[in-house]
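*Asks:*
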Amino acid sequence: MSVDDLRSPSRTRIALIEDEPDIASLLAAFLRKEGYAVDHFPEANRFFLALQKSRPDLLLLDLMLPDADGFEICKALKKNESWSRIPIIIMTAKAEESDKILGLELGADDYVTKPFSFKEMAARIKAVLRRSEGPELAKSIEVGGVLRIDLEKFEVRVGGQPVNLTSTEFKILSFLAARKGRVLTRDQILDHVWGDEKIVLDRTVDVHIRNLREKLGPAAAFVKNLRGVGYKVEE
Ligand code: CA
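Residue 234, in numbering that gives the first Met the number 0, is where the sequence shown stops; the numbers in between run on with no holes.
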């Protein structure tokens with residue numbers, strides 16, 4: 000029995016699904032040193048068995064596993080009400096953009112491309128955990144000390160000056176800003192803003208973002224475009 004079997008409710012539990020033993024043991028050791036409780040699963044099967052008993056606070060998910068495809072795991076979790084809010088960071092050796100997009104569309108919160116530094120991983124984990132604490136419930140969001148979004152009054156200010164946004168621009172901005180640092184695909188933005196009335200094209204998002212940026216003036220730099228992937232708000 001390892002130290003991690005003595006469950007302490009105050010410690011953040013990370014489930015690590017990774018079939019490469021070297022990466023898994025080094026990463027797990029590093030994360031434990033950082034103060035996390037880590038459960039390692041070399042395959043999806045065992046993870047799902049453990050999931051019936053307890054829910055991790057975050058999942059680090061390798062995409063290529065002996066018994067499953069990481070994307071399938073992502074999908075299965077997001078479909079289940081009690082598991083859908085578990086934040087997921089995908090670890091992938093595939094750097095293709097289509098994989099990143101698919102991962103994000105399936106609801107992963109972030110992805111890291113192998114090989115990655117453990118320090119970088121630690122920073123991503125912290126950011127994802129912070130975001131999962133319910134930023135959507137906040138009444139206002141501040142970005143870079145300059146941009147302020149009041150979610151109750153539907154007001155946006157840049158350097159204290161009010162900015163007049165259309166309701167669509169406001170929705171897009173607050174959607175991105177509430178998930179600061181996270182890349183959202185055009186499809187996710189379309190879904191959020193237009194929902195079922197989604198008869199608009201991907202390009203529509205680009206047009207609204209262009210207008211939004213123009214209105215934001217000096218704060219426009221916080222709205223970033225990741226070519227071929229989507230958009231994010233970052234300080
Ligand atoms: Ca693998």
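Quick reminder that beta carbons are idealized off the backbone N, C-alpha and C, glycines included.
Quick one, what's near ligand 1 if you take every residue whose CB is closer than 6 Å to any heavy atom, in chain order?
*Replies:* Every residue passing the under-6 Å Cβ criterion appears here: 18, 19, 61, 63, 64.
*Asks:* Could you pull the DSSP bridge partners for residue 202 from this structure?
*Replies:* None; residue 202 has no bridge partner.
*Asks:* Kindly confirm or deny that the stretch 77-96 and the stretch 138-155 touch, where touching means at least three C-beta pairs closer than 8 Å.
*Replies:* Taking 8 Å as the limit for Cβ pairs, the verdict is that the stretch 138-155 does not touch the stretch 77-96.
*Asks:* Distance check for residue 111 and residue 97, CA to CA, integer angstroms please.
*Replies:* Approximately 14 Å between the Cα atoms of the pair.
*Asks:* What does a CB cutoff of less than 8 Å around residue 143 pick up in its chain, not counting 5 residues either side in sequence?
*Replies:* Excluding residues within five positions, the ones whose Cβ falls inside 8 Å are 218, 221, 234.
*Asks:* Report the three-state DSSP secondary structure of residue 134 (helix, strand or coil).
*Replies:* Confidence at residue 134 is low in this model, with a pLDDT of 48, below 50, so the placement of that residue is unreliable and no value is reported for it.
*Asks:* Pick out whichever of 56, 203, 92 has its Cα sitting closest to the Cα of residue 69.
*Replies:* Checking every option, the nearest Cα to that of residue 69 belongs to 92.
*Asks:* Since residue 104 and residue 186 are thought to touch, with beta carbons under 8 Å apart, how far apart are those beta carbons, to the nearest angstrom?
*Replies:* Between residue 186 and residue 104 the Cβ distance is about 6 Å, and since that is below 8 Å, they are a contact.
*Asks:* Might you give, ordered along the chain, the residues of its own chain that have their beta carbon closer than 7 Å to the beta carbon of residue 223, omitting 5 neighbours on each side?
*Replies:* Once the five neighbours on either side are set aside, the close Cβ partners of residue 223 are 230, 231, 233.
*Asks:* Which runs of the beta strand (DSSP E) spanning at least 3 residues fall entirely within the stretch 87-123, listed in chain order?
*Replies:* The qualifying runs are 87-91, 109-112.
*Asks:* Just how far apart, CA to CA, sit residue 16 and residue 67?
*Replies:* So the alpha carbons of these two residues sit roughly 11 Å apart.
*Asks:* Give me the residue from 77, 18, 168 with the minimum Cα distance to residue 41.
*Replies:* Of 77, 18, 168, the residue nearest in Cα terms is 18.
*Asks:* Terminal residues of the continuous alpha helix (DSSP H) containing residue 170?
*Replies:* Element bounds for residue 170: 166-176.
*Asks:* Between which two residues does the beta strand (DSSP E) harbouring residue 224 extend?
*Replies:* Residues 222-225.
*Asks:* Applying the 10 Å Cβ sphere with the 16-neighbour rule, what's the burial state of residue 119?
*Replies:* Classification for residue 119: exposed.
*Asks:* Using CA coordinates, which residue listed in 175, 72, 86, 77 is at the minimum distance from residue 58?
*Replies:* Here the closest residue by C-alpha is 86.
*Asks:* Thinking residue 208 and residue 171 are a contact (beta carbons under 8 Å), I'd like their distance in whole angstroms, please.
*Replies:* Residue 208 to residue 171, Cβ: 7 Å. Contact.
*Asks:* Tell me whether residue 14 sits in a helix, a strand or coil according to DSSP, three-state version.
*Replies:* Of the three classes helix, strand and coil, the one that applies to residue 14 here is strand, per DSSP.
*Asks:* Reducing DSSP to helix, strand and coil, say where residue 24 ends up.
*Replies:* In the structure shown, residue 24 sits in a helix (DSSP, three-state: H, G or I).
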